[in-house]
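Asks:
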Amino acid sequence: MRLVNRSPAKGWARVLALLPFVAVLVLYLIASAVRLSENPADKLLPSLATIGDAIVRMAFTVDVRTGTIPLWNDTAASLGRLFAGLGIATLIGAVLGIAIGVLPYLRALLGQFVAVVSMVPPLAILPILFITMGLGEASKIALIAIGIAPLLVRDIALRVMDMPHQQFIKAQTLGASSWTLVLRVVLPQILPRLIDSVRLQIGPAWLFLISAEAIASESGLGYRIFLVRRYLAMDVILPYVAWITFLAFLMEIALVLLQRRAFPWFAAARTAQ
Amino acid sequence: MSLISVRHLWKEYDDRVVLEDINLEIEERAFVALVGPSGCGKTTFLKMLLSEEVPTRGVIELDGKPIPAEPGPERGVVYQRYSVFPHLTVLGNIVLAKDLGARNIGGRLLGRVFGAELHAAKAKARELLDAVGLSHAADKYPSQLSGGMQQRLALAQALMAEPRVLLLDEPFGALDPGIRADIHVLMRKLWHERALTAVMVTHDLPEAFGLATRVIAFERRRDEPSDGGRYGARIAKDIGIWPPRIAGAPAAHP
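Chains as they are written, first to last, in the working numbering: chain A, 1 to 273; chain B, 274 to 527.
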């Protein structure tokens with residue numbers, strides 16, 4: 001059979017999916033063992049035991065100086081900022097995106113402006129945020145919101161304009177005003193697509209968060225990584241990176257589940273179009 | 274007085290004439306089928322009846338008054354596709370007509386009816402679902418329905434708003450022949466039983482003659498490439514069905 005016609009059985013597919021993860025782990029262990037055999041004090045590729053010690057220290061031991069457990073403290077601080085920034089951006093994306101999508105006047109007024117604004121590299125204006133909003137929480141949340149909102153606005157506006165024109169006419173023949181058209185026809189159909197857009201922005205949101213925390217912060221996952229970098233503490237950095245990745249992965253899964261539960265009609269409607 | 278009155282209607286795009294000098298009177302309870310070769314402007318004409326397109330010249334009157342400048346509940350529409358809303362159940366799609374049509378505070382602010390009104394809307398919706406043979410599917414989503422069932426739903430949804438005229442844009446064109454025959458039976462039944470005036474665009478002549486009281490054919494007088502779009506389509510034939518199909522008297526025709 002041709003390669004394009006051959007697909008793995010279900011169990012085999014699962015094994016294949018795990019394979020790259022196992023391969024990376026094995027490669028790491030080999031490289032780590034080689035380096036440590038040459039120099040037992042090597043810090044670049046610590047052994048699993050060293051990493052385990054670091055995890056116990058960071059995630060299960062109260063820090064005597066601050067009275068908190070570092071990993072949980074950092075996680076709470078980071079997630080607070082991330083959710084605040086993502087929440088604000090999502091709200092702006094939904095409201096402005098739908099408005100630009102349905103109102104030709106607003107599209108004429110803001111369409112190009114939003115397109116240009118979304119080209120501004122968010123990290124380039126981080127200094128401006130620090131100067132105007134201080135080094136506290138506000139500037140970090142603002143960076144995430146500013147980094148993501150313009151893309152969400154454009155994406156949602158495009159998705160609204162992609163809706164079949166017949167639906168807009170149809171709703172009007174049933175008596176809809178501009179407002180009820182948005183409320184009953186556009187918004188409910190855009191929400192599941194908004195979830196898709198937000199899913200794609202989780203990665204950039206973490207990028208902006210960690211950048212802001214690395215530069216000026218006293219807590220947070222990004223702060224910790226850049227703090228221990230000075231001591232070449234790979235045994236802390238690696239589990240932190242894994243933890244951040246895991247959190248991002250959980251958010252992705254949560255959004256997929258939310259979409260499936262809250263909008264049971266969406267999967268079939270998407271393939272039907 | 275006729276329900277719809279079209280006088281000296283022209284439609285031009287840039288220098289291309291699509292329709293020229295259309296004059297048409299449509300009586301209440303008529304079922305008019307518009308036929309013609311593709312590109313002859315029959316769908317454009319329907320869009321102008323719906324206020325989705327603006328005539329270049331001429332007037333369209335409904336009940337003796339110029340039609341409103343934008344689509345509204347006095348004119349219902351069923352398209353070939355995208356007529357029903359994928360995010361609402363079958364029942365929700367029909368109740369939506371009352372939701373969006375409500376002119377009280379709840380209707381204007383939330384686009385919903387509540388309490389006794391909602392109860393009445395649901396009862397009426399179920400009656401309509403029964404009439405189109407969808408009562409067993411009330412809680413399904415449109416994507417779970419076949420194409421024929423979706424168009425039945427679209428008809429019920431449009432009728433719920435009680436429009437003065439129902440505009441049909443090739444509503445059954447995408448259906449398989451067997452399904453289409455079934456829905457023709459339904460369409461005839463609805464037209465006989467309800468106070469319905471319909472204008473239907475179709476390219477299926479048996480469908481036009483099988484449903485309508487009157488078949489109108491659009492055609493260009495001249496359609497040579499050298500004309501450069503200077504001649505638009507006119508009404509070439511205006512055929513009353515014989516023996517006349519009379520609303521509410523199904524016996525004359527099968």
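Ideal placement from N, C-alpha and C gives every residue a C-beta, glycine not left out.
With a threshold of 8 Å between beta-carbons, can PHE358(B) be considered close to chain A, or not?
Replies: Looking up residue 358(B) in the second sequence gives position 85. At least one chain A Cβ lies under 8 Å of PHE358(B).
Asks: Assign LEU29(A) to one of two classes, buried (16 or more other C-beta atoms within 10 Å of its C-beta) or exposed (fewer than that).
Replies: For the purposes of this step, residue 29(A) is taken as residue 29 along the first sequence, with counting starting at 1. Result: exposed.
Asks: Would you say TYR352(B) lies against chain A (beta-carbon separation less than 8 Å)?
Replies: As a working note, residue 352(B) is residue 79 in the second sequence. Closer than 8 Å: yes.
Asks: Where do the N-terminal and C-terminal ends of the beta strand (DSSP E) with ARG507(B) fall, by residue?
Replies: Here residue 507(B) refers to the residue found at position 234 of the second sequence. Per DSSP, ARG507(B) belongs to the beta strand (DSSP E) from 506-513.
Asks: Would a check of beta-carbon distances place ALA323(B) closer than 8 Å to chain A?
Replies: Start at 1 with the first residue of the second sequence, and residue 323(B) comes out as number 50. Strictly speaking, residue 323(B) in this sequence is Leu, with Ala absent from that position. Yes - at least one Cβ of chain A is within 8 Å of the one on LEU323(B).
Asks: What number of angstroms, rounded off, separates the C-alpha of GLN201(A) from the C-alpha of ILE148(A)?
Replies: Reading the first sequence from its first residue, position 201 is the one you call residue 201(A). Reading the first sequence from its first residue, position 148 is the one you call residue 148(A). Their Cα atoms are separated by approximately 7 Å.
Asks: Just to make sure I have the definition right: I need the residues of chain A whose C-beta is within less than 9 Å of the C-beta of LEU383(B). Which are they?
Replies: Here residue 383(B) corresponds to residue number 110 of the second sequence, with the count starting at 1. Ordered by position in chain A, the residues that pass the 9 Å Cβ test against LEU383(B) are THR180, LEU183, ARG184.
Asks: Count the other C-beta atoms from every protein chain shown that fall within 10 angstroms of the C-beta of GLU443(B), then say buried if there are 16 or more, exposed otherwise.
Replies: Residue numbering aside, residue 443(B) sits at position 170 when the second sequence is read from its first letter. With 16 or more other Cβ atoms within 10 Å, it is buried.
Asks: By how many angstroms is the C-alpha of HIS281(B) removed from the C-alpha of GLY331(B)?
Replies: Position 58 of the second sequence, counted from the first residue, corresponds to residue 331(B). Position 8 of the second sequence, counted from the first residue, corresponds to residue 281(B). Rounded to whole angstroms, GLY331(B) to HIS281(B) spans 5 Å at the Cα level.
Asks: Could you give the DSSP three-state label for VAL62(A): helix, strand or coil?
Replies: The count along the first sequence starts at 1 and reaches residue 62(A) at position 62. In the structure shown, VAL62(A) sits in coil (DSSP, three-state: anything other than H, G, I, E or B).
Asks: Specify the secondary structure class of GLU443(B) as computed by DSSP and reduced to three states.
Replies: Here residue 443(B) corresponds to residue number 170 of the second sequence, with the count starting at 1. Here GLU443(B) sits in coil by DSSP.
Asks: Beta-carbon of SER416(B) versus every beta-carbon of chain A: anything under 8 Å?
Replies: Sequence index remark: in the second sequence, residue 416(B) carries index 143 (1-based). Output row for SER416(B): interface = yes.
Asks: What residues from chain A crowd round ARG348(B), counting only those whose CB sits closer than 7 Å?
Replies: On the second sequence, position 75 is the one that residue 348(B) refers to. Ordered by position in chain A, the residues that pass the 7 Å Cβ test against ARG348(B) are THR173.
Asks: Apart from the five residues on each side of it in sequence, which residues of its chain come closer than 6 Å, Cβ to Cβ, to PHE358(B)?
Replies: As a working note, residue 358(B) is residue 85 in the second sequence. Result list for PHE358(B): ASN366, in chain order.
Asks: Suppose you measure from the CA of ILE512(B) to the CA of THR475(B); what does that come to, to the nearest Å?
Replies: Sequence index remark: in the second sequence, residue 512(B) carries index 239 (1-based). Sequence index remark: in the second sequence, residue 475(B) carries index 202 (1-based). Whole-angstrom Cα-Cα distance: 15 Å.
Asks: Where does GLN189(A) land, buried or exposed, given buried means 16+ other C-beta within 10 angstroms?
Replies: In the first sequence, counting from the first residue as 1, residue 189(A) sits at position 189. With 16 or more Cβ atoms within 10 Å of its Cβ, GLN189(A) is classed as buried.
Asks: Taking DSSP as the reference, what is the three-state secondary structure of PHE168(A)?
Replies: As a first step, residue 168(A) must be located in the first sequence, where it is residue number 168. In the structure shown, PHE168(A) sits in a helix (DSSP, three-state: H, G or I).
Asks: Can you list, in chain order, the residues of its chain whose CB lies under 6 Å from that of LEU319(B), leaving out five sequence neighbours each side?
Replies: Residue numbering aside, residue 319(B) sits at position 46 when the second sequence is read from its first letter. Result list for LEU319(B): LEU440, ASP442, VAL474, in chain order.
Asks: Starting from LEU372(B), find everything on chain A with Cβ-Cβ shorter than 7 Å and list it in chain order.
Replies: Taking the first residue of the second sequence as position 1, residue 372(B) is located at position 99. Contrary to the premise, residue 372(B) reads as Asp rather than Leu in this sequence. Those are ARG184, listed as they occur along chain A.
Asks: So, helix, strand or coil for GLU480(B), using DSSP?
Replies: For this step, residue 480(B) is matched to residue 207 along the second sequence. Helix, per DSSP.
Asks: If I measure Cβ to Cβ from LEU129(A) and keep anything under 7 Å in the same chain, skipping five residues before and after, which residues do I get?
Replies: Here residue 129(A) refers to the residue found at position 129 of the first sequence. For LEU129(A), where only same-chain residues beyond five positions count, the Cβ hits under 7 Å are SER139, ALA142, LEU143.
Asks: Identify each residue in the segment 255-269 of chain A for which the Cβ-Cβ distance to at least one residue of chain B is less than 9 Å, and report them in chain order.
Replies: Result list: PHE263, PRO264, TRP265, PHE266, ALA267, ALA268, ALA269.
Asks: How is SER419(B) classed by DSSP in three states: helix, strand or coil?
Replies: As a working mapping, residue 419(B) is identified with position 146 in the second sequence. Coil at SER419(B), not helix or strand.
Asks: Between which two residues does the alpha helix (DSSP H) harbouring LEU110(A) extend?
Replies: For the purposes of this step, residue 110(A) is identified with residue 110 of the first sequence, where counting begins at 1. From DSSP, the alpha helix (DSSP H) with LEU110(A) extends over 104-117.
Asks: Identify whether LEU307(B) lies in helix, strand or coil by the three-state DSSP scheme.
Replies: Here residue 307(B) is taken as the residue at index 34 of the second sequence, counted from 1. In the structure shown, LEU307(B) sits in a strand (DSSP, three-state: E or B).
Asks: Under the assumption that ILE215(A) contacts ILE225(A) (Cβ atoms under 8 Å), give the Cβ distance between them as a whole number of angstroms.
Replies: Counting from 1 along the first sequence, the entry for residue 215(A) is found at position 215. Counting from 1 along the first sequence, the entry for residue 225(A) is found at position 225. The Cβ separation is near 12 Å, so there is no contact.
Asks: How would you list, in chain order, the residues of chain B whose beta-carbon sits under 8 Å from the beta-carbon of VAL189(A)?
Replies: Your numbering for residue 189(A) matches position 189 in the first sequence. Before going further, note that residue 189(A) is Gln rather than Val in the sequence given. Those within 8 Å of GLN189(A) in chain B are PHE358, PRO359, HIS360.
Asks: Just the Cα atoms here: how many angstroms apart are VAL327(B) and ASP412(B)?
Replies: By one-based count along the second sequence, residue 327(B) stands at place 54. By one-based count along the second sequence, residue 412(B) stands at place 139. The alpha-carbon atoms of VAL327(B) and ASP412(B) are separated by roughly 38 Å.
Asks: Mapping DSSP to helix, strand and coil, what is PHE491(B)?
Replies: Locating residue 491(B) in the second sequence gives position 218, counting from the first residue. PHE491(B): strand per DSSP, three-state reduction.
Asks: In angstroms, rounded to a whole number, what distance separates the CA positions of TYR240(A) and LEU27(A)?
Replies: As a first step, residue 240(A) is located in the first sequence; it is residue number 240 there, counting from the start. As a first step, residue 27(A) is located in the first sequence; it is residue number 27 there, counting from the start. Spanning the two alpha carbons is a distance of roughly 20 Å.
Asks: Could you name the residues of the same chain whose beta carbon sits closer than 6 Å to that of PHE445(B), not counting the 5 residues immediately before and after it, in chain order?
Replies: Position 172 of the second sequence holds residue 445(B). Counting only Cβ-Cβ distances below 6 Å, and skipping sequence neighbours, we find ARG453, ILE456.
Asks: Could you work out which residues of chain B lie near SER118(A), taking near to mean beta carbons separated by less than 9 Å?
Replies: Residue 118(A) sits at position 118 when you count from the first residue of the first sequence. Going along chain B, no residue has its Cβ under 9 Å from SER118(A), so there is no contact; the nearest lies around 28 Å.
Asks: Could you check what DSSP says for GLY52(A) in three-state terms: helix, strand or coil?
Replies: In the first sequence, the residue the question calls residue 52(A) occupies position 52. Three-state DSSP puts GLY52(A) in a helix.
Asks: Do LEU459(B) and VAL351(B) count as a contact pair if the criterion is CB distance below 8 Å?
Replies: As a working mapping, residue 351(B) is identified with position 78 in the second sequence. As a working mapping, residue 459(B) is identified with position 186 in the second sequence. No, the Cβ-Cβ distance between VAL351(B) and LEU459(B) is not below 8 Å.
Asks: Can you give me the C-alpha to C-alpha distance between VAL290(B) and GLY502(B), rounded to a whole angstrom?
Replies: By 1-based counting over the second sequence, the position of residue 290(B) is 17. By 1-based counting over the second sequence, the position of residue 502(B) is 229. Each residue's Cα considered, the two are about 6 Å apart.
Asks: Residues of chain A with CB under 8 Å from GLY434(B), in chain order?
Replies: In the second sequence, residue 434(B) corresponds to position 161, counting from 1. Reading the sequence as shown, one finds Ala at residue 434(B) and not Gly. By Cβ distance, chain A contributes THR173, LEU174, GLY175.
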